[in-house]
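Trainee: With our numbering applied, the sequence shown covers 20 to 181.
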Amino acid sequence: MHIALVEPEIPGNTGSIGRVCVGTATTLHLVGRLGFSLDEKYVRRAGLDYWKDVDLRVHADFDALVRALPAAPLHLFSAHAAVRYDQVAYGPDDVLVFGCETKGLPLALRQRFADRLRYVPTNGRIRSLNLANVATAVLFEALRQQDFAAVARRPDQGAASG
């Protein structure tokens, strides 16, 4: 599985998603302009001591991501989608794409991939859910559909502390 964050702005969200990626053998892709530095000192200061274990790929723009994973099915997540995230089938090579925290996915991407848009439902009382929470929820639905094949053990089977 792959998670792609398009122009993420908040290092804590990216760090939380990175941690989930480490624990689920998921590759994390950062796409476009970042709202923070990937400098090791900065990342360590943000408390992301496991960052070195993230399978991280950085892409200049969305087309670079597509070129890097030409055969991988894309699923783009937006409040503007018509298909609920749990109503589609996910495979082990799929890319789950999320926009930045304040603006979501750019309109150009939503238009270009209109048939690949999915949403996570809310009751309408909030503008949006937290990026890290949504990415985690969607990833675990995708992994559930694959019987958690990428996750080899239960947490109580030799889990690291923390």
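Glycine included, C-beta positions come from ideal geometry on N, C-alpha and C.
Are the CB atoms of His21 and Leu124 within a distance shorter than 9 Å?
Mentor: no
Trainee: For Arg76, report the span of its beta strand (DSSP E) as first-last.
Mentor: 75 to 78
Trainee: Run through DSSP, which three-state label would Ile36 get?
Mentor: helix
Trainee: Buried or exposed for Val102, please, with buried defined as at least 16 other CB atoms from any protein chain shown within 10 angstroms of its CB.
Mentor: exposed
Trainee: Identify every residue that forms a DSSP beta bridge with Val114.
Mentor: His21, Leu93
Trainee: How about Leu53 and Glu26: do their beta carbons lie closer than 9 Å?
Mentor: Judged by beta-carbon spacing, Glu26 lies within the 9 Å limit of Leu53, meaning their Cβ atoms are closer than that value.
Trainee: Nearest to Arg76 by alpha carbon, out of Ile145, Tyr138, Thr33, Val170?
Mentor: Thr33
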